[in-house]
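Asker: I am attaching a structure below and will ask some questions about it afterwards.
2 protein chains.
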Amino acid sequence: MTNKTRPEDIKFAVLATDVVVFQVQNWELNVLLTKARTPEFKDMWALPGGLIKPTEDVDKAPARYLEMLLGKTKSHIEQFHAFGKVNRDPRGRVVSLAYLALIPPYLHKFKKSDKFFESEWFNVKNVPSLAYDHNEILKTALIKLKERVELTNAIKTLMPSEFTLTELQNTYEIVLGEALDKRNFRKRVEAMDFLEKLDKKKEGHAHRPAQLYKIKS
Amino acid sequence: MTNKTRPEDIKFAVLATDVVVFQVQNWELNVLLTKARTPEFKDMWALPGGLIKPTEDVDKAPARYLEMLLGKTKSHIEQFHAFGKVNRDPRGRVVSLAYLALIPPYLHKFKKSDKFFESEWFNVKNVPSLAYDHNEILKTALIKLKERVELTNAIKTLMPSEFTLTELQNTYEIVLGEALDKRNFRKRVEAMDFLEKLDKKKEGHAHRPAQLYKIKS
DNA sequence: CCAAAAGTGTTGCGGTTACACCCATGT
DNA sequence: ACATGGGTGTAACCGCAACACTTTTGG
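Protein chains in written order, with the working numbering: chain A, 2 to 218; chain B, 2 to 218.
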């Protein structure tokens, strides 16, 4: 009835986080992958992530790993699901809290570390077979991403500091996977009222210069 | 560099689940609460829940606790957030996976157990100060509930096996917290096409009998 | 002058809202 | 007969989708 509970009976699982980092660049929706280190998945790509620390709030961990990979960067980070099937990690019981991260299309050089020794952007349409259950996590993240961008203003973090309306529209189209009408799109954006017109135009190409905007602060 | 990792360094957290069980009854949105057992929160109410087992998928745990409380029952269970602030549980590091559960308005008698020795339905408008961070969890759950009922057909699991259109409308109104137009509501429900007309009417009250429906199977 | 993207309004349709009266029953 | 909720249709409105031409620059 009152058996003594041993710590290893209740502290049986490793708590980890996996971060699905999205970026729109070169007319593509990209996800950040990194080489898996565990022997079981040698040479396979995986979502970046790692253990949560005993002394950190779980929401802090994904930001820490993101910074470890890319340095300090503007980002939107949001938890979207906890993955906890018994056998999702062959090394033992690992429960992963999965986070969605959106970052602007700057050119980042990856910061190499013991943990993340090789990283790469992948077009989401061209993602290889991933380690663990990471293909499933990515699939769930893609659904969530569309919801976010459609329903909220999460698009903001996917944009560079200055951009044209056409570039903004492209970003939407790439994320949502559908073409949008230019005039209707501009009416909608106008109504949302989160853009600020800059005193600059984008020039240097063989057509009419486009007005530059930034996100209203 | 390659320090040996001790299990207690990475298996530091207790994994738990908390279940926010909603039911619409007596014109009210009710949530199921149970008396906390830990000395720190003696005599306080808390969300039902408990530890996840080393050998069970995390998604199975909330269903197990729900059954422990109410027996086998029709329900809709859905994970909605992982709560993992370092100090959310004064006894130590506990990460809780929170689930939303919707059940029909049957009269359930609570199954008493060592764990759930006293349980009660509370109107969500009248919930006391809860143990742990459970008020915050409940708040998040309420937001999620509205989304679900508004955007999907989750309403189904909140209804009894037979009901009238007015009762269905009441359920929506109670969950959404707003009045709906009767004729417009019926047009919408008609369009959604998930009801089946029964050969019965609800009688025995001082007004015109109402057509009974069930959820299409 | 040609190519290429920027920029700009109006119309029509469909879906949602607003709204009021008669019906069937129990007491 | 009266009180109570059950049941039903239509008109106005608004938001969204469809749609094409002129402008400005670089080459």
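Glycine included, C-beta positions come from ideal geometry on N, C-alpha and C.
#1: By the DSSP assignment, the alpha helix (DSSP H) with isoleucine 66 of chain A in it spans what residues?
#2: Which residues of chain A have a Cβ atom closer than 8 Å to the Cβ of glycine 205 of chain B, listed in chain order?
#3: Is the number of C-beta pairs between the region 114 to 121 of chain A and the region 89 to 105 of chain B that are closer than 8 Å three or more?
#4: Using the Cα positions of threonine 158 of chain B and isoleucine 138 of chain A, report the straight-line distance between them to the nearest angstrom.
#5: For isoleucine 156 of chain A, which residues from the same chain have a beta carbon less than 7 Å from its beta carbon, with the 5 sequence-adjacent residues on both sides left out?
#6: Listing by chain order, which chain A residues have their CB less than 7 Å from the CB of glutamate 41 of chain B?
#7: Going by DSSP, what residues sit across from isoleucine 216 of chain B in a beta bridge?
#8: Please classify histidine 206 of chain B as buried or exposed, where buried requires at least 16 neighbouring CB atoms within 10 angstroms.
#9: Judging by CA-CA distance, which residue of A/Thr167, A/Glu204, A/Leu143, A/Leu199 is the nearest neighbour of leucine 177 of chain A?
#10: What is the residue span of the beta strand (DSSP E) that isoleucine 78 of chain B lies within?
#11: Short check: CB of lysine 128 of chain A to CB of leucine 30 of chain A, under 8 Å?
#12: Would a C-beta distance cut-off of 8 Å place alanine 83 of chain B and glycine 50 of chain B closer than the cut-off?
#13: Using beta-carbon positions only, say whether alanine 132 of chain A and valine 21 of chain A come within less than 8 Å of one another.
#14: From glutamate 41 of chain A to aspartate 58 of chain B, what does the alpha carbon distance come to, in whole angstroms?
#15: At the 8 Å Cβ level, is valine 176 of chain A part of the contact set with chain B, yes or no?
#16: Take the Cβ of proline 210 of chain B as the centre, count every other Cβ of all protein chains shown within 10 Å, and call the residue buried at 16 or more, exposed below.
#17: Does aspartate 200 of chain B get closer than 8 Å to chain A when you measure Cβ to Cβ?
#18: Let me make sure I understand the geometry here. Which of A/Lys145, A/Thr141, A/Ser130 has the alpha-carbon closest to that of methionine 45 of chain A?
#19: How big is the Cα-Cα spacing for histidine 208 of chain A and leucine 169 of chain B?
#20: Mind checking if lysine 116 of chain B is an interface residue toward chain A, Cβ cutoff 8 Å exclusive?
#21: Using alpha carbons as the reference points, say which of A/Lys215, A/Thr39, A/Ser162 lies closest to proline 106 of chain A.
#22: Would the beta-carbon of tyrosine 47 of chain B fall within 8 Å of that of leucine 34 of chain B?
Answerer: Walking through what the data contain:
#1: For this step, residue 66 of chain A is matched to residue 65 along the first sequence. In the sequence as displayed, the identity of residue 66 of chain A is tyrosine instead of isoleucine. First-last of the alpha helix (DSSP H) with tyrosine 66 of chain A: 61 to 71.
#2: Counting from 1 along the second sequence, the entry for residue 205 of chain B is found at position 204. Neighbours of glycine 205 of chain B on chain A: none; closest Cβ ~45 Å, over 8 Å.
#3: no
#4: Position 157 of the second sequence, counted from the first residue, corresponds to residue 158 of chain B. Position 137 of the first sequence, counted from the first residue, corresponds to residue 138 of chain A. When rounded, the distance between both Cα atoms is 27 Å.
#5: By one-based count along the first sequence, residue 156 of chain A stands at place 155. Taken in chain order, the residues that qualify are Val150, Thr172, Tyr173.
#6: Residue mapping note: residue 41 of chain B aligns to position 40 of the second sequence, counting from 1. Within 7 Å Cβ-Cβ: nothing; glutamate 41 of chain B doesn't reach chain A, min ~17 Å.
#7: In the second sequence, residue 216 of chain B corresponds to position 215, counting from 1. Paired residue(s): B/Leu196.
#8: What you label residue 206 of chain B is simply residue 205 of the second sequence in a count that begins at 1. Classification of histidine 206 of chain B: exposed, given that the 10 Å Cβ count is below 16.
#9: Position 176 of the first sequence holds residue 177 of chain A. For leucine 177 of chain A, the nearest C-alpha among the options comes from A/Leu143.
#10: The sequence position of residue 78 of chain B within the second sequence is 77, counting from 1. DSSP places isoleucine 78 of chain B in the uninterrupted beta strand (DSSP E) bounded by 77 to 84.
#11: Locating residue 128 of chain A in the first sequence gives position 127, where the first residue counts as 1. Locating residue 30 of chain A in the first sequence gives position 29, where the first residue counts as 1. Per the sequence presented here, residue 128 of chain A reads as valine, with lysine not at that position. No, Cβ-Cβ distance for valine 128 of chain A and leucine 30 of chain A is not below 8 Å.
#12: The sequence position of residue 83 of chain B within the second sequence is 82, counting from 1. The sequence position of residue 50 of chain B within the second sequence is 49, counting from 1. Their beta carbons are not under 8 Å apart, which means alanine 83 of chain B does not touch glycine 50 of chain B by this criterion.
#13: Along the first sequence, one-based indexing puts residue 132 of chain A at 131. Along the first sequence, one-based indexing puts residue 21 of chain A at 20. Not a contact, by the Cβ cut-off of 8 Å.
#14: Walking along the first sequence from the start, residue 41 of chain A turns up at place 40. Walking along the second sequence from the start, residue 58 of chain B turns up at place 57. Approximately 21 Å between the Cα atoms of the pair.
#15: Residue mapping note: residue 176 of chain A aligns to position 175 of the first sequence, counting from 1. Chain B contact via Cβ: absent.
#16: As a first step, residue 210 of chain B is located in the second sequence; it is residue number 209 there, counting from the start. Exposed is the call here.
#17: By 1-based counting over the second sequence, the position of residue 200 of chain B is 199. Cβ-Cβ to chain A under 8 Å: no for aspartate 200 of chain B.
#18: Against the first sequence, residue 45 of chain A aligns to sequence position 44. The option with the nearest alpha carbon to methionine 45 of chain A is A/Ser130.
#19: Here residue 208 of chain A refers to the residue found at position 207 of the first sequence. Here residue 169 of chain B refers to the residue found at position 168 of the second sequence. Spanning the two alpha carbons is a distance of roughly 58 Å.
#20: If you number the second sequence from 1, residue 116 of chain B lands on position 115. No - not a single Cβ of chain A is within 8 Å of the one on lysine 116 of chain B.
#21: Indexing the first sequence from 1 puts residue 106 of chain A at position 105. Proline 106 of chain A has its Cα closest to that of A/Ser162, out of A/Lys215, A/Thr39, A/Ser162.
#22: Numbered from its first residue, the second sequence carries residue 47 of chain B at position 46. Numbered from its first residue, the second sequence carries residue 34 of chain B at position 33. The displayed chain sequence assigns alanine, not tyrosine, to residue 47 of chain B. Going by C-beta atoms, alanine 47 of chain B is nearer than 8 Å to leucine 34 of chain B.
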